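In my numbering, the protein residues as written are 636 to 774.
All remarks here apply to the structure that follows.
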Amino acid sequence: MNEDGLPVAHPNFLKHFTADIYEDVANDLAPFGSDEGYDMIFSAAECRREVSAQTTVEELLDVADAPLNIDWDEAFDEDDASFDAALVVSAAFALIRLTGRIDKPGLDKALLALDVLIEDFGEEPELLQQKADLESWES
């Protein structure tokens with residue numbers, strides 16, 4: 636754990652995700668600041684033996700027993716879009732934080748999820764930062 640109580644981040648995560656929001660557990664728009672995001676990072680960390688460099692975002696959501704309302708291949712449903720999008724985004728960042736990598740389908744789904752959140756909450760700097768950082772990520 637680091638001084639904020641978050642699980643120690645992989646060096647690749649620390650090199651690329653340098654904005655303060657990646658350590659913020661109080662900001663609802665930060666990856667680990669919402670209730671869903673906070674629960675996701677700690678559920679993923681508790682299941683660390685099952686999380687490896689080959690784990691996908693979809694698998695992490697399953698391992699962490701995330702209450703996703705859609706099947707992985709489905710589009711985000713309007714009724715639960717923000718909730719599901721927040722889960723996908725937090726799972727994507729949790730996977731990178733723990734393993735230093737992310738699968739291409741998981742990255743693509745996380746970018747779609749960020750678009751949903753930006754549509755719902757507006758062009759908040761935290762969401763735009765996350766999107767830009769994921770778009771520039773190279774596994």
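Glycine is no exception: its CB is placed at the ideal position from the N, C-alpha and C atoms.
Since the model is a prediction, treat every value here as computed from it, not as a measurement.
Residue i to residue j span [Cα, whole Å]
i	j	result
proline 642	isoleucine 731	12 Å
asparagine 704	glutamate 681	23 Å
Exposed unless 16 or more other CB atoms sit within 10 angstroms - verdict on residue i
i	result
phenylalanine 667	buried
alanine 729	buried
arginine 736	buried
lysine 739	exposed
aspartate 719	buried
glycine 640	exposed
DSSP state of residue i mapped onto helix, strand, coil
i	result
valine 751	helix
leucine 703	coil
arginine 775	Given a span of 636 to 774 for the chain in the structure shown, any question on residue 775 remains unanswerable.
glutamine 764	helix
glutamate 709	coil
If we require 4 or more residues per run, which alpha helix (DSSP H) segments fall completely within the region 651-682?
670-681
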